[in-house]
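One structure is given here, and the rest of the page talks about it.
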Amino acid sequence: MTERRDGADHGADDASEDDTFELELVWSDVVLTVPAGRSALDVLAAAGVAIEAGCGHGSCGTCATEFVEGEVIHRDTCLSVADREHEFCPCISRGRGRIILPL
Numbered sequence: 639m640t641e642r643r644d645g646a647d648h649g650a651d652d653a654s655e656d657d658t659f660e661l662e663l664v665w666s667d668v669v670l671t672v673p674a675g676r677s678a679l680d681v682l683a684a685a686g687v688a689i690e691a692g693c694g695h696g697s698c699g700t701c702a703t704e705f706v707e708g709e710v711i712h713r714d715t716c717l718s719v720a721d722r723e724h725e726f727c728p729c730i731s732r733g734r735g736r737i738i739l740p741l
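This note's numbering puts the first residue of the sequence shown at 639, with every later residue one more than the last.
Here is the structure:
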């Protein structure tokens, strides 16, 4: 992680970016719904998926999780542009539709 982001790319349309989205855990054959107002990290933890977490607001990268498909709304400040192609921080980032995780 050499290139840092300032998180300023999520602007005026944040309200629409808080919509419900889904996480598909392909190895577990499970689909989880992440409602507005709840983090993907919380939903994963409630489903018994152990993901190490740190700051809880996307600045440390401890919870960075691989995804294989889907549209992620990155709100972290720790992942590089290259990292964002295949990772997201479920403590703060959101999705549109369904995000597929290799879990």
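Yeah, the Cβ is synthetic: ideal placement off N, Cα and C, and Gly gets one too.
Quick check on the burial criterion: 16 or more other C-beta atoms within 10 angstroms. Buried or exposed for P666? Within the sequence shown, numbered from 1, the residue matching residue 666 stands at position 28. It is Ser, not Pro, that sits at residue 666 in the sequence shown. Exposed, since its Cβ has fewer than 16 Cβ neighbours within 10 Å.
Do L717 and C729 have their C-beta atoms within less than 9 angstroms of each other? Counted from its first residue, the sequence shown places residue 717 at position 79. Counted from its first residue, the sequence shown places residue 729 at position 91. No, Cβ-Cβ distance for L717 and C729 is not below 9 angstroms.
Let me check understanding here. Comparing Cα to Cα, which of T658, V664 and T700 lies closest to E690? Numbered from its first residue, the sequence shown carries residue 690 at position 52. Nearest of T658, V664 and T700 to E690, Cα basis: T700.
Just the Cα atoms here: how many angstroms apart are T715 and T658? What you label residue 715 is simply residue 77 of the sequence shown in a count that begins at 1. What you label residue 658 is simply residue 20 of the sequence shown in a count that begins at 1. Between T715 and T658, the C-alpha separation is close to 22 angstroms.
Euclidean distance between Cα positions of L741 and R734: Along the sequence shown, one-based indexing puts residue 741 at 103. Along the sequence shown, one-based indexing puts residue 734 at 96. When rounded, the distance between both Cα atoms is 19 angstroms.
Residue from R732, F705 and L679 with nearest C-alpha to D721: Walking along the sequence shown from the start, residue 721 turns up at place 83. The shortest Cα separation from D721 among R732, F705 and L679 belongs to F705.
E723 in three-state terms, based on DSSP: Start at 1 with the first residue of the sequence shown, and residue 723 comes out as number 85. In this structure, E723 counts as helix in the three-state DSSP scheme.
In three-state DSSP terms, what is V668? For the purposes of this step, residue 668 is identified with residue 30 of the sequence shown, where counting begins at 1. Three-state result, V668: strand.
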